[in-house]
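*Asks:*
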Amino acid sequence: MSQQITLAQLKRWLLRYADRIDQEASYLTELDAAIGDADHGVNMQQGMHKLRQRLLNMGDPNDAGLDVSGFLRMTAMTLISSIGGAAGPLYGSFFLHAARTAPHAATVDVTELADLFRSGLTGVRQRGKARPDDKTMIDALEPAVAALEQAAATGAEIPEAMAAACHAAEQGMLHTIGLEARKGRASYLGPRSIGHQDPGATSAYLLIQTAAEAFSENGVPE
Ligand SMILES: Nc1ncnc2c1ncn2[C@@H]1O[C@H](COP(=O)(O)OP(=O)(O)OP(=O)(O)O)[C@@H](O)[C@H]1O
Ligand SMILES: [Mg+2]
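Under my numbering, the first residue of the sequence shown is numbered 575, with each subsequent residue one higher.
(1) What do you get for Ser777, buried or exposed, if any count of 16 or more other CB atoms within 10 angstroms of its CB means buried?
(2) Can the beta-carbon of Ala786 be found less than 8 Å from the beta-carbon of Ala725?
(3) What are the uninterrupted segments assigned as alpha helix (DSSP H) that are 4 or more residues long and contained completely in the stretch 646 to 686, given in chain order?
(4) Please go through the same chain and pick out, in chain order, the residues whose beta-carbon is closer than 8 Å to the beta-carbon of His741, but skip the five residues on each side of it.
(5) For Asp613, is the classification buried or exposed, using 16 other Cβ atoms within 10 angstroms of its Cβ as the cut-off for buried?
(6) Whole angstroms is fine: what's the gap from Gly658's alpha carbon to Met618's?
(7) Here's the rule: buried if 16 or more other CB atoms are within 10 angstroms of the residue's CB, otherwise exposed. What is Ile751?
(8) Verify whether the separation of the beta carbon atoms of Ala680 and Asn636 is less than 8 Å.
(9) If Met711 sits next to Leu664, beta carbons under 8 Å apart, how far is it from one beta carbon to the other, in whole angstroms?
(10) Taking Gln583 as the reference, which of Lys624, Leu646, Val719, His671 has the closest Cα?
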């Protein structure tokens, strides 16, 4: 049987992401101050604090009667109702669309993971109408999903596949520095947005980075 990602690992991912957002909140806000309205760190913290509470109250997701799809759907609903600004509906769409593709099972393999990440990305694209190179979170997510799909197609195990996704997300995030923003508040700056890293691409990179960490560990207590 191929390697599986468990509900406990999905939970560990999002708890770790909540911690990473706390650590990086002022950095995200600083990035948003340069080309937006200096609230991305605070927006993300609001949502992730709420999600952390829900996850901690839930205990073992299996005992809470959740499968992978239900778990991702609960995550989407929590984020949609609690992240402020543009990022709430966008991250909410990621998890909502991922939930629609996710299996009604307690685990996912690397191919199913690539499929549900692809759906999540499609959700963000439908919601925000941004395309690659518009200088948004898409610029980190799109290469990450492509790398994950490619790794899955060549039979890579989860740690290797997630390392490739993480590296691609980082490159995509760094690529936003040279781009002119065409979506969101940053687009009002036109060419003056060039030279600054996109805050949403940065939080999206952290999402993939924490997934790579959580999915590559096994049997670590929560
Ligand atoms: N249409 C879009 N599609 C995808 N991502 C987007 C879009 N618009 C903005 N973003 C992402 O959202 C980030 C800004 O999120 P933030 O939490 O600061 O919300 P906001 O201040 O309401 O955003 P904005 O004013 O840019 O719409 C941007 O850095 C960008 O990555
Ligand atoms: Mg903002």
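A virtual CB, placed ideally from N, CA and C, is assigned to each residue, including glycine. Treat the numbers as computed from the prediction; the structure is a model and nothing was measured.
*Replies:* On the basis of the data shown:
(1) buried
(2) no
(3) 661 to 675
(4) Ala721
(5) buried
(6) 7 Å
(7) exposed
(8) yes
(9) 7 Å
(10) Leu646
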